[in-house]
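Peer 1: Input: one structure, supplied below.
Residue numbers (the working numbering), protein chains in the order written: chain A, 1 to 386; chain B, 387 to 740.
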């Protein structure tokens, strides 16, 4: 039973290190050019369309996808390196991150060929932004309670209802959403939902921004009123979205973004304590680094499993559970350790500003993309408890 | 339990299953299981896994030996297998042949130090030496005027104050007072007490990870048997979530320990990257021993708190193993100093280098 929970010590191959150098050099140039400030994760406008295009031009979007769709046919481990370097640098990845991580792979699996040929190359060029339409006002973790209806009409479907907490919907060109096409059955309450590709920025879709406790406006309410979606925008099996949703979770849940979201405060703490820390600071930093290293090794291991064609859903859930709890606690631990930092530390102001933002960010980390409770349910099922 | 594709581990697991079954061992008040187990392990050449053929050992790879220790943790093996392996490994660093029988290593703490004089006579006190009382020989790392040396010592020459660790295994204080070793040779260049502590710490990490795997296994099994409030306790969400966390701690310990073992097995030198791996393994596994063990006990309720139940053979040993070759507090301070000394902008490159 526990044989399923092995995290083999996968090492990144040599070619990844060359790539890592290229990514670091690129990011250094972007920082020097003023595209973004790596010390300021709390920027107000996180959309950076020009940066997105330049990342695309480097060939770092859709890296693992077939070449005929604009991809590079490179490995998940190479994509991993690009993702973690971008995250650690606090690069503005919002515009392309979701499309690259999960929307593209969903299209590759379920979209008709002409749509793939149209959309995937544009993702690879960094031109378009995706949102994910899952949650609704009365359906969050309980995905299969979604009520937004897709009613069959000539040549397509009419959509009516509301999605909510939809990140990036205000800038997105497309959304991949689940809508109700039939009622659930007695035997299967998950039956009746269908996955659709939705072209945004059209009449019939209204995007209302929602203020977050960080002061940012990155998620939205999206209201559909008799909005038309053509038949060829159905992704996969009608009424069968529940069969499609699970395998993508391993991609979504095990990446470096699941423990590096608040990493910047750790770097800044190390800077603040200087080269000769007292015992208390040294111990605190040592523990945090040991925990960070362990999570990264687990996360790389899952990337290796994905590369090997496995579907490590339980392992990915473990990475996200441990990783998000850690990144949530990190700003508070750093705050503890920074309590006695010298008033004269040159980066004191930066650290305080970052902590302020990280502490406000922290509560969402164990909620977005699958709550801790949902993850532990998946792990429990993997253990044979459900 | 993990399937192994490794002949060393397969051999060991068979011996453990036959002669170190935790329930049988736990019921045996006279410890009559010990001698046959040790004999079988010795006949299979396992205690001297890390000693090359020409120095009297069986010449297994570092990787195979680490996997063997992980398996030993899954059975909570309570004979000086890890200690004899480490002693043989230490002696082999100086090309000293290993004798037969149980051995252990000293010092076993980064805070203790053994010295030798110009004639090679050894002096010093080592605390918390695992299985010193059972050992026929000690492998000793000693410091002299010209650097570190490695020595083989007849255990009868040392003064032993016997003690027990939190897991009821021997953890003794050994005092050497101008003891003439059987052999003493210089340690290889760059080999120091930190190297030895990191190696010992990774050995203990693999044992802790193995114990956690077993704790997860028996806790899941128990939760699927025990009925309370008219249903199996595994059906309660609170219990499920606790077990999910235990699975996470077990997975983290195993990942940290196997990663460090892999790092050492493939290392050309004990550089900062190996230091990060080995220190992190000991820190994270020790944390997992505390958090994971607590959950295993919580799931078992009162029965897990009894001497007749096998849970304590794992939970208490995992806690005891935290103390050997540098506690997690020790390694956290040292790792923190290393990170601070390298500087803030060198932290990520170090982490990403693994």
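Cβ atoms here follow ideal geometry from the backbone N, Cα and C, with glycine treated the same way.
Determine which residues share a DSSP beta bridge with residue 224(A) and list them.
Peer 2: Bridge partners of residue 224(A): 161(A) and 205(A).
Peer 1: Could you check whether the Cβ of residue 330(A) sits closer than 7 Å to any Cβ belonging to chain B?
Peer 2: No, its Cβ sits nowhere closer than 7 Å to a Cβ of chain B.
Peer 1: List, in order along the chain, the chain B residues whose C-beta lies closer than 7 Å to that of residue 279(A)?
Peer 2: By Cβ distance, chain B contributes 719.
Peer 1: If contact is defined by three or more beta carbon pairs under 8 Å, each pair taking one atom from either stretch, is the segment 561 to 581 of chain B in contact with the segment 530 to 550 of chain B?
Peer 2: Enough Cβ pairs lie closer than 8 Å, so yes.
Peer 1: Assign residue 291(A) to one of three DSSP states: helix, strand, or coil.
Peer 2: Looking at residue 291(A) - three-state DSSP - the assignment turns out to be helix.
Peer 1: For residue 114(A), does the count of other Cβ atoms within 10 angstroms reach 16, so buried, or fall short, so exposed?
Peer 2: Residue 114(A) comes out exposed.
Peer 1: For residue 582(B) and residue 427(B), which I take to be in contact (beta-carbon distance under 8 Å), what is that distance rounded to the nearest angstrom?
Peer 2: Residue 582(B) to residue 427(B), Cβ: 23 Å. No contact.
Peer 1: Quick check: the Cα distance between residue 288(A) and residue 239(A), rounded to an integer number of angstroms?
Peer 2: Distance between the alpha carbons of residue 288(A) and residue 239(A) is about 45 Å.
Peer 1: Out of curiosity, what's the CA-to-CA distance linking residue 107(A) and residue 120(A)?
Peer 2: About 8 Å.
Peer 1: Near residue 42(A), what residues of its chain come up, given a Cβ to Cβ distance below 6 Å and the 5 sequence neighbours on each side ignored?
Peer 2: Once the five neighbours on either side are set aside, the close Cβ partners of residue 42(A) are 357.
Peer 1: Could you tell me the boundaries of the alpha helix (DSSP H) in which residue 195(A) lies?
Peer 2: Element bounds for residue 195(A): not the alpha helix (DSSP H) but the beta strand (DSSP E), 193 to 199.
Peer 1: Report the three-state DSSP secondary structure of residue 523(B) (helix, strand or coil).
Peer 2: In this structure, residue 523(B) counts as strand in the three-state DSSP scheme.
Peer 1: Could you give the distance in angstroms between the alpha-carbon of residue 735(B) and the alpha-carbon of residue 320(A)?
Peer 2: Answer to the nearest angstrom: the Cα atoms are 23 Å apart.
Peer 1: Less than 7 Å separating the beta-carbons of residue 94(A) and residue 37(A)?
Peer 2: No, the pair does not count as a contact, with Cβ atoms beyond the cut-off.
Peer 1: Residues bridged to residue 547(B) by DSSP?
Peer 2: Per DSSP, 559(B).
Peer 1: Where in the segment 82 to 147 of chain A do unbroken runs of the alpha helix (DSSP H), each at least 4 residues long, occur, reported from the N-terminal end onward?
Peer 2: As far as the segment 82 to 147 of chain A is concerned, its whole alpha helix (DSSP H) runs of at least 4 residues are 94 to 98, 104 to 110 and 113 to 124.
Peer 1: Buried or exposed for residue 141(A), going by 16 or more other Cβ atoms inside 10 Å?
Peer 2: Counting Cβ neighbours within 10 Å, residue 141(A) comes out exposed, since fewer than 16 surround it.
Peer 1: How about residue 632(B) and residue 678(B): are their beta carbons less than 7 Å apart?
Peer 2: Contact flag set, yes.
Peer 1: Listing by chain order, which chain B residues have their CB less than 7 Å from the CB of residue 9(A)?
Peer 2: Correct list: 644, 645 and 648.
Peer 1: Report back the beta-carbon spacing between residue 571(B) and residue 480(B) to the nearest angstrom; my notes put them in contact at under 8 Å.
Peer 2: That pair is a contact at about 4 Å.
Peer 1: Does residue 368(A) have its Cβ less than 7 Å from a Cβ in chain B?
Peer 2: Judged by the 7 Å Cβ criterion, residue 368(A) is not in contact with chain B.
Peer 1: Name the chain A residues that come within less than 8 Å of residue 665(B), Cβ to Cβ?
Peer 2: Within chain A, the residues near residue 665(B) are 286 and 290.
Peer 1: Which of helix, strand or coil does DSSP assign to residue 402(B)?
Peer 2: Correct three-state label for residue 402(B): helix.
Peer 1: Would a check of beta-carbon distances place residue 699(B) closer than 7 Å to chain A?
Peer 2: By this cut-off, residue 699(B) is not an interface position.
Peer 1: Do we get a CB-CB distance below 7 Å when we pair residue 297(A) with the residues of chain B?
Peer 2: Yes, its Cβ sits closer than 7 Å to a Cβ of chain B.
Peer 1: Given residue 203(A), which residues of its chain have a CB within under 6 Å of its CB, disregarding the five upstream and five downstream residues?
Peer 2: Cβ neighbours of residue 203(A) beyond the five flanking positions: none.
Peer 1: In the DSSP assignment, find the unbroken alpha helix (DSSP H) run with residue 26(A) in it and report its ends.
Peer 2: Looking at the DSSP string, the run of the alpha helix (DSSP H) that includes residue 26(A) is 14 to 32.
Peer 1: Could you give the uninterrupted runs of the alpha helix (DSSP H) lying entirely in the segment 454 to 509 of chain B, keeping only those of 4 residues or more?
Peer 2: Those alpha helix (DSSP H) runs which fall completely within the segment 454 to 509 of chain B and span 4+ residues are 467 to 479.
Peer 1: Ignore the nearest five residues each way along the sequence and tell me which others in residue 212(A)'s own chain have a CB closer than 7 Å to its CB.
Peer 2: 218 and 219.
Peer 1: Around the C-beta of residue 410(B), are 16 or more other C-beta atoms found within 10 angstroms, so that it is buried, or is it exposed?
Peer 2: It counts as exposed.
Peer 1: Kindly list, in the order they appear in chain B, the residues whose Cβ is closer than 7 Å to that of residue 294(A).
Peer 2: Correct list: 638, 641, 642, 666 and 670.
Peer 1: With which residues is residue 48(A) paired in a DSSP beta bridge?
Peer 2: In the DSSP output, where bridge partners are listed per residue, residue 48(A) has none listed.
Peer 1: Assuming contact is defined by CB atoms lying nearer than 7 Å, are residue 241(A) and residue 178(A) in contact in what I supplied?
Peer 2: Yes. Within cutoff.
Peer 1: Applying the 10 Å Cβ sphere with the 16-neighbour rule, what's the burial state of residue 201(A)?
Peer 2: Residue 201(A) comes out exposed.
Peer 1: Does the Cβ of residue 613(B) have 16 or more other Cβ atoms within 10 Å, making it buried, or fewer, making it exposed?
Peer 2: Exposed, because fewer than 16 other Cβ atoms sit within 10 Å of the Cβ of residue 613(B).
Peer 1: Give me the DSSP bridge partner(s) of residue 529(B).
Peer 2: Residue 529(B) pairs with 501(B) and 534(B).
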